[in-house]
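Enquirer: Structure provided below as structure tokens; questions to follow.
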Amino acid sequence: MGSNDPFAAEDYQLAGGTAWLCAREALGGQFDYLFIDEAGQVSLADTLAMSACAKNVVLLGDPSQLAQVSQGRHPIHADDSVLAHLLGEDQTIPKHRGIFLDVSYRMQPAICGFISAAMYEERLQAAPETALHRITANGCEYAGLYFAGVEHVGNSSQSLEEASEIVRQISLLLNGGELVDSHPSGTPIDRSVQARDLIVVTPYNAQRRLILDKLRDAGINVDPQAGVRVDTVDKFQGQEAAIVFYSMATSSGEDVPRNVEFLFERNRFNVAISRARTASILLCSPRLLDIRCRTPQQMALANLLCAFEERAQSLYTAKATVVP
750 MGSNDPFAAE DYQLAGGTAW LCAREALGGQ FDYLFIDEAG QVSLADTLAM
800 SACAKNVVLL GDPSQLAQVS QGRHPIHADD SVLAHLLGED QTIPKHRGIF
850 LDVSYRMQPA ICGFISAAMY EERLQAAPET ALHRITANGC EYAGLYFAGV
900 EHVGNSSQSL EEASEIVRQI SLLLNGGELV DSHPSGTPID RSVQARDLIV
950 VTPYNAQRRL ILDKLRDAGI NVDPQAGVRV DTVDKFQGQE AAIVFYSMAT
1000 SSGEDVPRNV EFLFERNRFN VAISRARTAS ILLCSPRLLD IRCRTPQQMA
1050 LANLLCAFEE RAQSLYTAKA TVVP
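With this note's numbering as the guide, the letters of the sequence shown map in order to residues 750 to 1073.
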């Protein structure tokens, strides 16, 4: 739209715009309802500014995924999203305050079961058709959670060992792998695994670049539209793929380049693992399971990785689907 005149003239039944548009003084009280999408990434201040344009505000989003990017320092909780502010200590919306969408049509049941227990107070359930999700490759059937302990020492933000193992696993999947997946039409998908079915997630740009280089060296398509997608956790929010590889890259607690809170952040871990429709494969140094924690908060963060390892199959011994 080249002009905001139709808004001022009230010449509409449904309108869409940015926070900047909705916060305009001229639009005060113009709407019956304001729907704010991805409210888990919208600041409380922006919400207050926008809310003046409507009589009612409906928030849609997930505060257990990545929060808004903050470029400044704020007093405690001033940089919370509006959903985080309203939920307080609750992980999910109480029944008397809103609606929790409790069915996942993406995640295979074992993946959904872990994410539900870790992030959503066990309120999230997998749709029945997701039990169809599986990949058969190299004589094995993959469906659910997988852990690959990759030994390495002294790595901070990139690991050649993990990158090489990811390339090896992807090569196996693309060499005769077969994918079965549910589909909104009700007709299951049954076809060969394609590069587009695979994504690789990592916390660090250095590891992202290394994995991309190794995939190219192996002749694997890494085109952003048709190939294997490789990026940081922040770039994959809202996306999905049949199989997700999550490469943590850091060798031990002493090698963490930023802080424990960044590497083990619950929302970051949630986004990385829950992108998968069929299998989530986590690769990390086993020494990260024994990281030294200095605060109760750090212990809670590290426990999430330990819980994943306990529920997952070993990538190297798995022969069948995981039963949640």
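Where a beta carbon is used, it is the ideal one built from N, C-alpha and C, also for glycine. On a predicted model such as this, the values are computed, not experimentally measured, just so you know.
(1) If the criterion is Cβ atoms closer than 8 Å, does the pair Ala1025 and Met856 meet it?
(2) For my contact list, Asp828 and Ser792 are in at a C-beta cut-off of 8 Å; report their separation, rounded to the angstrom.
(3) Could you name the residues of the same chain whose beta carbon sits closer than 8 Å to that of Leu961, not counting the 5 residues immediately before and after it, in chain order?
(4) For the putative contact between Ala1028 and Gly893, defined by C-beta atoms under 8 Å, what is the C-beta separation to the nearest angstrom?
(5) Output the distance between the C-alpha atoms of Pro973 and Arg1017, rounded to the nearest integer angstrom.
(6) In chain order, which continuous runs of the beta strand (DSSP E) of length 3 or greater are located wholly inside the stretch 884-941?
(7) Consult DSSP for Asn1008 and reduce its assignment to one of helix, strand or coil.
(8) Please determine if the stretch 999-1010 and the stretch 932-944 are in contact, where contact requires at least 3 C-beta pairs separated by less than 8 Å.
(9) Going by CA-CA distance only, name the one from Gly888, Tyr761, Leu835 and Gln762 that's closest to Leu797.
(10) Could you give the residue range of the beta strand (DSSP E) that holds Asp980?
(11) Quick check: what's the CA-CA separation for Leu1076 versus Ala886?
(12) Taking its Cβ as the centre, do 16 or more other Cβ atoms sit within 10 Å of Asp930, making it buried, or is it exposed?
(13) Check the C-beta distance from Gln874 over to Leu959 and give it rounded, since I have them as a contact under 8 Å.
(14) Rounded to whole angstroms, what is the Cα-Cα separation between Cys861 and Glu871?
(15) For Pro937, which residues in the same chain have their Cβ closer than 7 Å to its Cβ, ignoring the five residues on either side in sequence?
(16) Among residues of its own chain, excluding the 5 on either side of Ala772, which ones have a beta-carbon nearer than 6 Å to its beta-carbon?
(17) What did DSSP end up calling Val807 once you bin it into helix, strand or coil?
(18) I need the straight-line Cα distance from Leu1054 to Gly778, nearest angstrom please.
(19) Exposed or buried, what is Gln762 when buried is set at 16 or more other beta-carbons lying within 10 Å of its beta-carbon?
(20) What are the boundary residues of the alpha helix (DSSP H) that includes Thr831?
(21) Identify every run of the alpha helix (DSSP H) within the stretch 765-816, keeping only runs that are complete inside it and at least 4 residues long; order them along the chain.
(22) Based on DSSP bridge pairs, tell me the residues matched to Gln1062.
(23) Just to check my reading of the structure: Arg884 and Leu923 have Cβ atoms closer than 8 Å, yes? What is that Cβ distance to the nearest angstrom?
(24) Could you check if Thr1044 is buried or exposed, using at least 16 other CB atoms within 10 Å of its CB as the buried criterion?
(25) Please classify Asp1004: is it buried, with 16 or more other beta-carbons within 10 angstroms of its beta-carbon, or exposed?
(26) In three-state DSSP terms, what is Ser1000?
(27) Compute the Euclidean distance between the alpha carbons of Leu1031 and Asp939, then round it to the nearest angstrom.
Expert: According to the data block:
(1) yes
(2) 7 Å
(3) Val971 and Val979
(4) Yes, Ala1028 and Gly893 are in contact; Cβ-Cβ is about 6 Å, under 8 Å.
(5) 22 Å
(6) 889-891, 893-898, 927-930 and 938-941
(7) coil
(8) no
(9) Leu835
(10) Counting along the chain, the beta strand (DSSP E) containing Asp980 begins and ends at Arg978 to Thr981.
(11) Given a span of 750 to 1073 for the chain in the structure shown, any question on residue 1076 remains unanswerable.
(12) So Asp930 counts as buried.
(13) Not really, about 38 Å apart at Cβ, beyond 8 Å.
(14) 9 Å
(15) Leu881, Val929, Asp930 and Ser931
(16) Ala798 and Met799
(17) Strand, per DSSP.
(18) Their Cα atoms are separated by approximately 47 Å.
(19) exposed
(20) Before going further, note that residue 831 is Val rather than Thr in the sequence given. That run of the alpha helix (DSSP H) goes Val831 to Leu836.
(21) The stretch 765-816 contains these whole alpha helix (DSSP H) runs: 768-771 and 793-800.
(22) Answer by DSSP bridge pairing, in chain order: Tyr895.
(23) This sequence places Ile at residue 884; Arg is not what is there. Their Cβ separation, rounded to whole angstroms, is 11 Å, which puts Ile884 and Leu923 out of contact at 8 Å.
(24) exposed
(25) buried
(26) coil
(27) Distance between the alpha carbons of Leu1031 and Asp939: 25 Å.
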